[in-house]
Structures are given as structure tokens and as C-alpha cells.
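Asker: Here it is, the structure in full.
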Amino acid sequence: MIANENAKSRWTIKIAKYNQDYVISNDDNNKCNIATHDMFSEEWFDNLKTKVNCCLRADYKKYKAAETKSIKDKIDKCVKITREDQTTWLSNILDRNTHTNIIIDKVLVNEELGITTNRLATEPGEVKNAVDNDFVRMFRKKNILLDTLIPLWQQIYEPAGKFKEEMESTIKKITKEE
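Heads up: the sequence shown begins at 705 in our numbering, then just goes up one per residue.
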């Protein structure tokens with residue numbers, strides 16, 4: 705293969721920069737270095753394939769070493785949390801995020817019932833009362849009479865399987881003999 709001197713000099717510069725990435729301190733210093741003499745010959749290309757494969761293996765070793773170090777650091781951090789901070793450890797294993805607190809410092813309040821006039825309440829006592837009332841309204845206890853339900857829902861609420869007898873005994877009124 706014939707190449708002009710200008711191309712060879714450009715490739716020599718590129719190869720020198722490439723070789724700088726693989727300078728290592730041990731005895732395998734020349735193992736990954738690409739030679740710049742007899743460039744573009746058949747022997748040089750065969751040697752190039754070997755050197756590039758060597759560089760790829762070196763890159764993979766560096767990557768695996770960094771990955772192993774990262775994993776080891778994360779394990780050490782978890783062990784430290786387990787030993788020194790049981791509260792955080794329990795939160796982590798239970799998938800709880802207890803360190804974020806919800807702070808409600810403003811709320812929209814209806815001025816009058818039935819009218820869509822809202823105002824923004826910022827006074828802490830008023831905000832607390834409005835939020836408390838809203839939660840009571842949302843999560844109130846429902847008094848459902850089973851006799852007033854449609855048959856589909858009566859069947860859904862019907863005790864299932866082997867526990868039916870036990871459930872019926874708890875529904876009956878307590879007598880003096882018991």
C-alpha cells in the first residue's frame with residue numbers, strides 16, 4: 705500500500721496520541737503501543753489488529769475495575785448505614801421515605817356553601833382547621849346497612865367459604881348462657 709508522507713505524518717501524530725492513552729507503569733508498556741515504522745504495510749496492519757485488541761482488553765479491565773470499585777463503595781455505604789443509622793436502614797429496607805415531610809401552609813377555603821367564591825387561607829390555625837375538616841369529610845366512617853344494598857353487593861359482602869359459620873356466630877346476640 706502506498707501512502708504519501710503527509711498522510712503518514714498525520715497518522716504518526718494520531719497514533720502517538722492514541723499510545724499516550726495506554727501508557728502503563730508495569731512491564732507491559734509496549735504491549736499496547738502501536739508502532740509507527742513501516743506504516744501501512746501488511747505486517748503493520750496485522751500488528752495493528754493485535755495492538756487494538758490489546759487496547760480493548762485494557763479498556764475493559766479499567767471499566768470492570770471502576771465498576772467493581774463503585775459496587776464495593778455502595779456496599780460499604782450500606783454496611784455503614786446498617787451499623788450506625790438503624791432508622792435510615794429501616795426506612796430503606798421498608799421502602800419508606802420518612803425524611804420528606806409534607807407541609808401545608810396555604811389552602812383554598814370556600815367563603816360560603818354553594819357559592820364558588822374561594823379565598824387563600826394562610827393563617828396557620830385556619831389552615832389546620834380547614835385541612836382537618838377536609839380529611840374528616842374525605843375519610844369518614846360509612847354506616848352501610850347490608851339489607852339496603854342491591855343483591856350483587858350483598859353477595860360481595862357475604863362471608864366466604866369455611867368462615868361463614870364462625871362469622872354467623874359473631875353476628876348473633878349474646879345470651880345469658882354464654
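The beta carbon of each residue, even a glycine, is placed where N, CA and C say it ideally should be.
Could you tell me the boundaries of the beta strand (DSSP E) in which N894 lies?
Answerer: Here the chain covers residues 705 to 882 and nothing more, so residue 894 does not appear.
Asker: Using a Cβ-Cβ cut-off of 7 Å (strictly less than) and excluding sequence neighbours within five positions of T740, which residues of its own chain qualify?
Answerer: For the purposes of this step, residue 740 is identified with residue 36 of the sequence shown, where counting begins at 1. Cβ within range, chain order: T716, I719.
Asker: Which residue from D742, T879, A769, P855 puts its Cα closest to that of E709?
Answerer: Taking the first residue of the sequence shown as 1, we reach residue 709 at position 5. Ranking the options by Cα distance to E709, first place goes to D742.
Asker: Is the segment 750 to 764 touching the segment 774 to 791, taking contact as three or more C-beta pairs under 8 Å?
Answerer: With the rule of 3 Cβ pairs closer than 8 Å, the segment 750 to 764 does not count as touching the segment 774 to 791.
Asker: Have a look at I808, D809, R823 and flag the residue whose alpha-carbon is nearest the alpha-carbon of E815.
Answerer: Translated into the one-based positions of the sequence shown, residue 815 becomes position 111. Answer by Cα proximity: R823.
Asker: Does DSSP put N805 in a helix, a strand or coil?
Answerer: As a first step, residue 805 must be located in the sequence shown, where it is residue number 101. Reduced to three states, the DSSP call for N805 is coil.
Asker: What separation, rounded to the nearest whole angstrom, lies between the Cα atoms of T864 and T792?
Answerer: The residue you call residue 864 lines up with position 160 of the sequence shown. The residue you call residue 792 lines up with position 88 of the sequence shown. A small fix is needed here, since residue 864 is Ala in this sequence, not Thr. Cα to Cα, the separation comes out at about 41 Å.
Asker: Tell me which residues share the same chain as Y861 and place their Cβ nearer than 8 Å to its Cβ, disregarding the 5 neighbours each side in the sequence.
Answerer: The count along the sequence shown starts at 1 and reaches residue 861 at position 157. Hits under 8 Å: L850, L853.
Asker: When the Cα atoms are used, what is the spatial distance from K753 to K778?
Answerer: Residue numbering aside, residue 753 sits at position 49 when the sequence shown is read from its first letter. Residue numbering aside, residue 778 sits at position 74 when the sequence shown is read from its first letter. Distance between the alpha carbons of K753 and K778: 37 Å.
Asker: Could I get the ranges of all uninterrupted alpha helix (DSSP H) runs contained in the segment 813 to 860, with 4 residues as the minimum, in chain order?
Answerer: 828 to 842
Asker: Quick check on DSSP: helix, strand or coil for N737?
Answerer: Walking along the sequence shown from the start, residue 737 turns up at place 33. It is coil, neither helix nor strand.
Asker: Taking C736 and K755 to be in contact with their CB atoms under 8 Å, please state how far apart those CB atoms are, rounded to whole angstroms.
Answerer: As a working note, residue 736 is residue 32 in the sequence shown. As a working note, residue 755 is residue 51 in the sequence shown. The pair is a contact, with the Cβ atoms about 6 Å apart (cut-off 8 Å).
Asker: In terms of alpha-carbon separation, which member of I808, K846, N847 lies closest to P828?
Answerer: Here residue 828 corresponds to residue number 124 of the sequence shown, with the count starting at 1. When only C-alpha atoms are compared, the closest one is I808.
Asker: Run the CB neighbour count on I806, radius 10 Å, all protein chains shown included, and call it buried at 16 or more, exposed below.
Answerer: Taking the sequence shown and counting its residues from 1, one reaches residue 806 at position 102. Exposed, since its Cβ has fewer than 16 Cβ neighbours within 10 Å.
Asker: Just mark I775 as buried or exposed, buried being the case when its beta carbon has 16 or more other beta carbons within 10 Å.
Answerer: The residue labelled residue 775 in the question sits at position 71 within the sequence shown. So I775 counts as exposed.
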